[in-house]
Each structure stands twice: as structure tokens, then as C-alpha cells.
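The opening residue of the sequence shown carries number 1 in our numbering; numbering runs sequentially from there. Only one structure is covered here, and it is reproduced in the block below.
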Amino acid sequence: MVFVDGRWTFDWAKLEEACAQPHAKILLLCNPYNPLARVFDRVELDRLAALVRKHDLLVCSDEIHCDLVLDPQAKHTIFAAMSEDLAARTVTLMAASKTYNIAGLTCGFAIIPDANLRTRFRRIFHGLSLDQNAFGLLATEAAFDHGEPWRLECVEYLRGNLDLI
């Protein structure tokens with residue numbers, strides 16, 4: 001990341017160089033970018049998508065903080081939702097853990113629209129004891145189904161904290 005025109009963004013030259021390496025197979029994306037709380041805009045994501053296509057990379061997109069966007073002007077865009085071809089090469093990581101303060105319940109999940117990529121993912125993680133527990137699953141469901149008022153209050157509180165620094 002580099003600081004340009006008052007905000008953090010990708011170091012495009014270094015990213016292009018890294019993606020062009022023969023051993024490069026996957027791009028790890030964190031959006032919103034933690035710890036900077038930076039939500040990448042559509043122009044940046046389109047440019048990133050072009051790099052991914054050019055170098056035929058898979059994408060692992062950590063979007064776990066997507067419900068905690070602190071900049072009221074920013075709009076989070078799910079990388080895989082930008083196009084069908086991007087969805088076919090993307091593993092999107094999500095969880096209620098950060099937003100709803102239930103990180104200890106270990107209930108993150110992966111959204112993998114492409115059946116072949118999903119099969120590869122399952123094969124890699126088979127036997128790693130990444131199973132979720134019933135309590136965590138119920139808490140995740142409750143958070144997504146009933147937690148919106150709490151989430152909105154939490155975002156306002158965090159925005160207040162951000163204003164202090």
C-alpha cells in the first residue's frame with residue numbers, strides 16, 4: 001500500500017510485478033482493508049480485476065469487515081459480484097465475527113460460486129478440523145437475522161472513535 005493524494009491505495013507497479021511472477025497463482029485481497037478501514041472503490045477494483053484476468057490468477061477475497069464500513073461516503077463492492085468471470089475465480093471469505101463481536105465462535109465461511117473451484121477448496125481443507133460448532137452457527141444466524149440495529153449502533157460508535165484519532 002502507498003499513500004497517494006490523501007489516501008492509501010495499491011502500489012500498482014509492485015502489484016503488477018508480483019502478479020507477473022511465474023509462480024503467482026492467487027491474489028489475496030482484503031476489502032475493506034484492515035487496519036486502515038480503507039474501502040477500495042470501483043475504479044481500483046476494476047483495475048485489480050484487469051490484473052487478475054491478465055495473469056489468470058485466483059482471488060481469495062477477505063471481506064469479513066464489509067459490514068463495518070466507517071466512511072459514510074464509501075460503498076463496499078463484493079469483488080466476486082462484479083462479473084461472472086470474477087466469481088468463477090474468487091473465494092470470498094465472510095463472517096459475522098468482526099461485525100457482531102462473536103470472533104471466538106469460529107464461524108467464518110467461504111462463498112465459492114464456481115463448482116470446480118469449490119471442489120478444489122474442499123479437497124485442500126478436508127481433514128483440517130475446520131468444522132463449525134452448533135453454538136457458533138446459531139449465533140451467526142441470529143446476528144445476521146436480528147443484529148442490524150446493533151450493527152448500526154456499533155458503526156456509529158466506531159466512527160466516533162475514528163473521529164478522536
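All C-beta atoms in this analysis are idealised placements derived from N, C-alpha and C, irrespective of residue type, glycine included.
Counting C-beta atoms within 10 angstroms of its own C-beta, E63 has 16 or more neighbours from the protein chains shown and is therefore classed as buried. The straight-line gap separating the alpha-carbon atoms of S97 and L105 is approximately 8 Å. Across the structure, A139 and E148 are spaced so that their CA atoms are roughly 14 Å apart. Three or more pairs of CB atoms, one per stretch, sit closer than 8 Å, so the region 17-31 contacts the region 48-62. Approximately 28 Å separates the beta-carbon atoms of H76 and A20; this is outside 8 Å, ruling out the contact. Taking the CA atoms as reference points, I165 sits about 30 Å from L15. As a beta-bridge residue in DSSP terms, I26 pairs with L58. Burial is judged here by how many other beta carbons sit within 10 angstroms of a residue's own beta carbon; D163 has fewer than 16 and is exposed.
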